[in-house]
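One structure below.
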Amino acid sequence: NLVREIQREVRQAGVRAVCHEVRLYRSEDSGLDAVLHVDFPSSANMGEVHIRTEAIELALREAHPQLERIVLHAEPREAAAE
């Protein structure tokens, strides 16, 4: 299942983040878009979160070239992997 694969890719991206929700949508041109809700440690500053989300997007684009748009919603969580 693609949702589980995406969640696994986030875990394996080495950015200490947890993806707790993935939504997939067919785009207007029959492509596939993904919206992810990703938990980051609340101690991470905005610069760190930006770098980490870029790494996640790169990993997802390499593993799943069929994804046209990838939107990441970064959320601070105390329980996220430090």
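Numbering (this note's numbering) for the sequence shown: 879 to 960. Where a beta carbon is used, it is the ideal one built from N, C-alpha and C, also for glycine. Fair warning: this is a prediction, and the values are worked out from it, not measured in the lab.
Around the Cβ of Val949, a 10 Å sphere holds fewer than 16 other Cβ atoms; the residue is exposed. Rounded to whole angstroms, the separation of the alpha carbons of Leu945 and Leu902 is 9 Å. The C-alpha of Thr931 lies about 8 Å from the C-alpha of Ala952. Contact check for Arg955 and Asp917: beta-carbon distance about 4 Å, within the 8 Å limit, so the pair qualifies. Within the same chain, Ala933 come within 8 Å of Gly892 by CB-CB distance, once the 5 residues on both sides are set aside.
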